[in-house]
Amino acid sequence: MSVKIESSAIYTNLMVRRLWWLLVVASLLGGMTVIDILVGPAFLNVFDVLSALVMPEWTSDPTVYVIVHSIRMPMTLMALIVGASLGIAGVQMQTILGNPLASPYTLGFSAAAGFGAAVTILFGLKLPFIPEFTVPIAAFISAGLACGLVYGFAHLRGVTAEIMILAGIATLFLFQSLQSLVQYLASPEVLQEIVFWLFGSMLKATWFSVAVSGGILVFSFLLLVNDSWKLTALRLGDERARSLGVNVHRLRLKIFVIVSLLTAGAVAFIGTIGFVGLVAPHIARMLVGEDHRILTPVSGIVGAIMMVGASIASKLISPGMVVPIGIVTAVVGVPFLFALILSRKKGHW
Amino acid sequence: MLNVEGLCVDYGSVSVLKDLSFSAKAGNFIALLGPNGTGKSSLLKAIAGLIPAEGSVYLGGPRKLARRQSADAIAYMPQDTGATSSLTVLEVVLLGRLRSLGLQVPDTLREEAEEGLSRFGLQSLGARTLDAVSGGQRQLVYLAQSFFRNPEVLLLDEPTAALDLRHQMIVLDRVAAHCREKGTIAIAAMHDLSLAARCADRVICLSAGDVVADGPPADTLTGSLIKDMYGVEAGVVHGTDGITHITPLRAVEGAPGSFAVSPQ
Chain F
45 MSVKIESSAI
55 YTNLMVRRLW
65 WLLVVASLLG
75 GMTVIDILVG
85 PAFLNVFDVL
95 SALVMPEWTS
105 DPTVYVIVHS
115 IRMPMTLMAL
125 IVGASLGIAG
135 VQMQTILGNP
145 LASPYTLGFS
155 AAAGFGAAVT
165 ILFGLKLPFI
175 PEFTVPIAAF
185 ISAGLACGLV
195 YGFAHLRGVT
205 AEIMILAGIA
215 TLFLFQSLQS
225 LVQYLASPEV
235 LQEIVFWLFG
245 SMLKATWFSV
255 AVSGGILVFS
265 FLLLVNDSWK
275 LTALRLGDER
285 ARSLGVNVHR
295 LRLKIFVIVS
305 LLTAGAVAFI
315 GTIGFVGLVA
325 PHIARMLVGE
335 DHRILTPVSG
345 IVGAIMMVGA
355 SIASKLISPG
365 MVVPIGIVTA
375 VVGVPFLFAL
385 ILSRKKGHW
Chain A
3 MLNVEGLCVD
13 YGSVSVLKDL
23 SFSAKAGNFI
33 ALLGPNGTGK
43 SSLLKAIAGL
53 IPAEGSVYLG
63 GPRKLARRQS
73 ADAIAYMPQD
83 TGATSSLTVL
93 EVVLLGRLRS
103 LGLQVPDTLR
113 EEAEEGLSRF
123 GLQSLGARTL
133 DAVSGGQRQL
143 VYLAQSFFRN
153 PEVLLLDEPT
163 AALDLRHQMI
173 VLDRVAAHCR
183 EKGTIAIAAM
193 HDLSLAARCA
203 DRVICLSAGD
213 VVADGPPADT
223 LTGSLIKDMY
233 GVEAGVVHGT
243 DGITHITPLR
253 AVEGAPGSFA
263 VSPQ
């Protein structure tokens, strides 16, 4: 009897500790989100910004209201959504491929999105009625094509982790080469525009992009919730998961499509963002373990913290201007990853 | 009642199981014996529906098992315990009832999982992660998971390979007791003939993908069978305690090794 009580306490303690971490990272994200809205190149008064944020009807200066509501809020929310999307996409990718180095970036989706955007910019293509969305739509379609390429290859050859990684890396090289070709063909002015897109910048964020990327994030997350335990079982290896009744091939393909959707939704509007999808899942796993009921949301929140943190840093590095966030995530991401590996819990990798 | 009829498994041009048939009654604990590469693991996986196979597997009736039914009624424990994860031991056991798990884990299910851990002396390891326990302890965790599934058929691929002598005996005794109490059919691929003779109530010997001997250990495991099957001379003594003791004496020089799987 005493044994049962002891074990129950262990499970309860485990869940309490995980939910505590969920609360901690969610609170941290909340605080950082407010800071990100307060910070910007316009050097606005903190109280004016808070007033515009909380009680817009009391805002005396319409410029402050416009800056906060039309520029800063979409930028911050987009950073949050992109970070959460990449954090969730990364953890799913590492789970279905059983590989700690997997991420949406390393499997070529971001490179494909970049290629789609670069082609559109090179040829000056514009869609009728919605010309401003031509580049994001092209990036989205191109990322979808990359997903289809890897998916089709895996479907023909066998949906194993090794085949998918191989196909993903081949896709990455293909689209990186095509991207380089487009840049080689471009004139200096067009090249500058392409490179700026590839850097990844929150300045491209609008309420429309927030709605689209946010909608994709919510939809994908709801699809993933149902498969939480199956994904957890997959951490024991394909054979054990199959013996527990998981249709591993079907699960792998389904999650792969969701990851592609999340990644395309994240990078289509703001450009290529690296490292978040790779590192956020590792931090989340160190905090809350591998139970996907908790791991998936925590990985999303950690990804969002990284992106919002990078957004704050991108505004503070050089006062009066905003450094493209894609540069900041990579510069901050590498030493952070090294520190994480050096301080890792034994056996984590 | 488990009926396996005309089971054939091929890996490319290599035929691993050739028209293999047998049946098992509720409560049977069968030791599956044979040298390496004779198809023991393939047979277990084919029964569990984890690899493509020709032939039929019937359980408790005339209808063939669908994949989903297989997962519910048949628990297969793979040989490999190398896959590590930072899942806790308790979570690994809980995963045995994957279909019953939702966003919240019911208290009754959790208590059952905890009892399952206690049965194998693992209660103090519940919160430890799988990568922080030894290979033998991992094997016990997976056994606890298999028992927790409460299946009609328990398929165990070398369940004692990573265990010390004491735990080998304890685990196999538990399996035998579980079969008697619950009417579960257990089929365990094994290499230790003495342990098989001590714990199982029936042995099935495989050679080149087919059954060469099938029956109670005392009647089936003879010196000549062991010599033919493994290329080893062995002393076989039937003890007064009803247990057959098998002592390997020497490997036979120039044994043909005829039981290795041969291409078609």
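First to last, the sequence lines map onto chains F and A.
One point on numbering: in our numbering, the residue at position 11 of the first sequence is 55, and numbering is uninterrupted.
One point on numbering: in our numbering, the residue at position 94 of the second sequence is 96, and numbering is uninterrupted.
For glycine and all other residues, C-beta sits at the position ideal for the given N, C-alpha and C.
Practice item. Count the other CB atoms, across all protein chains shown, that sit within 10 Å of the CB of M76(F); report buried if there are 16 or more and exposed otherwise. Key: Its Cβ being crowded by 16 or more others within 10 Å, M76(F) is buried.
Point to revise | 7 Å CB neighbourhood of V234(F) in its chain, flanking five on each side removed | key: Result list for V234(F): I165, L166, in chain order.
Review point. Ordered along the chain, which non-local residues of its own chain (more than five positions away) have a Cβ less than 7 Å from that of I338(F)?
Key: Only R62, L66, V332 meet the Cβ criterion.
Check your understanding: Name the chain F residues whose beta carbon is nearer than 9 Å to that of E154(A)?
Key -> Within chain F, no residue comes near E154(A); the closest Cβ sits about 14 Å away, beyond 9 Å.
Review point. Is A9(F) buried or exposed, if buried means 16 or more other CB atoms sit within 10 Å of its CB?
Key: Summary: the structure shown does not reach residue 9(F), with chain F confined to residues 45 through 393, and so no result is reported for it.
Exercise for review: Compute the minimum distance between the beta carbon of K20(A) and the heavy atoms of the ligand MG, and state whether it is under 8 Å.
Suggested key: The ligand MG is absent from the structure shown, which contains no ligand whatsoever.
Exercise for review: Determine whether the Cβ of V262(F) lies closer than 9 Å to any Cβ atom of chain A.
Suggested key: False, the Cβ-Cβ gap to chain A never drops below 9 Å.
Practice item. List the residues of chain A whose Cβ lies closer than 8 Å to the Cβ of T403(F), in chain order. Key: The structure shown does not extend to residue 403(F), since chain F spans only 45 to 393, so no value can be given for it.
Exercise for review: Report the residue ranges of all beta strand (DSSP E) runs contained in full by the stretch 14 to 49 of chain A; include only those spanning at least 3 residues, in chain order.
Suggested key: For the stretch 14 to 49 of chain A, whole beta strand (DSSP E) runs of length 3 or above, ordered along the chain, are 16 to 26, 31 to 35.
Practice item. Return no unless some Cβ of chain F is closer than 9 Å to the Cβ of G8(A). Key: No, its Cβ sits nowhere closer than 9 Å to a Cβ of chain F.
Check your understanding: Mind pulling the beta strand (DSSP E) runs of 3 or more residues that sit fully within the stretch 129 to 166 of chain A?
Key -> For the stretch 129 to 166 of chain A, whole beta strand (DSSP E) runs of length 3 or above, ordered along the chain, are 155 to 159.
**Study point:** For L4(A) and L19(A), believed in contact at Cβ under 8 Å, the rounded distance
**Key:** Incorrect: roughly 16 Å between the Cβ atoms, too far for contact.
Check your understanding: Any idea what DSSP makes of V239(A), helix, strand or coil?
Key -> Assignment of V239(A) by DSSP, reduced to helix, strand and coil, places it in the strand class.
Check your understanding: Y78(A) touches chain F at which residues, Cβ-Cβ below 8 Å?
Key -> Under the 8 Å cutoff, chain F gives S287.
Check your understanding: Is E2(A) close to chain F, meaning its C-beta is less than 9 Å from at least one C-beta of that chain?
Key -> Not covered by the structure: residue 2(A). The range shown for chain A is 3 to 266.
Check your understanding: Three or more C-beta pairs closer than 8 Å, one from the stretch 20 to 34 of chain A and one from the stretch 120 to 138 of chain A: is that the case here?
Key -> These segments do not touch.
Review point. Who are Y78(A)'s beta bridge partners in DSSP?
Key: Answer is L157(A).
Practice item. Report the rounded CA-to-CA distance for A285(F) versus K274(F), giving the unit in angstroms. Key: Cα-Cα distance, rounded: 8 Å.
Review point. Which two residues bound the contiguous alpha helix (DSSP H) that contains E117(A)?
Key: If you look at E117(A), you'll find it in the alpha helix (DSSP H) that goes 109 to 121.
Exercise for review: Tell me whether the beta-carbon of G347(F) lies closer than 9 Å to the beta-carbon of G127(F).
Suggested key: Yes, the pair counts as a contact, with Cβ atoms nearer than the cut-off.
**Study point:** Buried/exposed call for I248(A), threshold 16 Cβ in 10 Å
**Key:** Classified as buried, I248(A) has 16 or more neighbouring CB atoms from the shown chains inside 10 Å of its CB.
Exercise for review: Look at the Cβ atom of G152(F), then the Cβ atom of I213(F), and state whether they are nearer than 9 Å.
Suggested key: In contact: G152(F) and I213(F) (Cβ atoms closer than 9 Å).
Exercise for review: From the DSSP output, in three-state form, read off V366(F) for me.
Suggested key: Coil.
**Study point:** Test: R252(A) CB closer than 9 Å to a CB of chain F
**Key:** So no, R252(A) is outside the interface.
Check your understanding: Any beta-carbon of chain F closer than 9 Å to the one on L132(A)?
Key -> Cβ-Cβ to chain F under 9 Å: yes for L132(A).
Check your understanding: Any beta-carbon of chain F closer than 9 Å to the one on R200(A)?
Key -> No, its Cβ sits nowhere closer than 9 Å to a Cβ of chain F.
Check your understanding: Opposite D212(A) in the DSSP bridges: which residues?
Key -> Looking at the DSSP assignment, D212(A) forms a beta bridge with S209(A).
Practice item. Name the one or two DSSP bridge partners that E7(A) has. Key: Per DSSP, S58(A).
Check your understanding: Apart from the five residues on each side of it in sequence, which residues of its chain come closer than 6 Å, Cβ to Cβ, to A205(F)?
Key -> Correct list, in chain order: L141, G142.
**Study point:** Cβ neighbour criterion (16 or more within 10 Å) applied to P100(F)
**Key:** So P100(F) ends up on the exposed side.
Review point. Among residues of its own chain, excluding the 5 on either side of S264(A), which ones have a beta-carbon nearer than 6 Å to its beta-carbon?
Key: For S264(A), the pLDDT reaches just 43, beneath the cut-off of 50, and the residue's location in the model is therefore unreliable, leaving the point undetermined.
Practice item. Kindly confirm or deny that the stretch 110 to 124 of chain F and the stretch 285 to 297 of chain F touch, where touching means at least three C-beta pairs closer than 8 Å. Key: Because the criterion of three Cβ pairs below 8 Å is not met, the stretch 110 to 124 of chain F and the stretch 285 to 297 of chain F do not touch.
Review point. Is the shortest distance between the beta-carbon of G128(A) and the beta-carbons of chain F less than 9 Å?
Key: Judged by the 9 Å Cβ criterion, G128(A) is in contact with chain F.
**Study point:** Where A86(F) sits in the DSSP three-state scheme
**Key:** Reduced to three states, the DSSP call for A86(F) is coil.
Point to revise | Within chain A, the residues that D335(F) reaches when beta carbons sit closer than 8 Å | key: Chain A residues near D335(F): L89, E93.
Practice item. Specify whether the stretch 250 to 260 of chain F and the stretch 376 to 387 of chain F touch according to this definition: at least 3 beta carbon pairs, one from each stretch, less than 8 Å apart. Key: With the cut-off at 8 Å, the stretch 250 to 260 of chain F and the stretch 376 to 387 of chain F do not touch.
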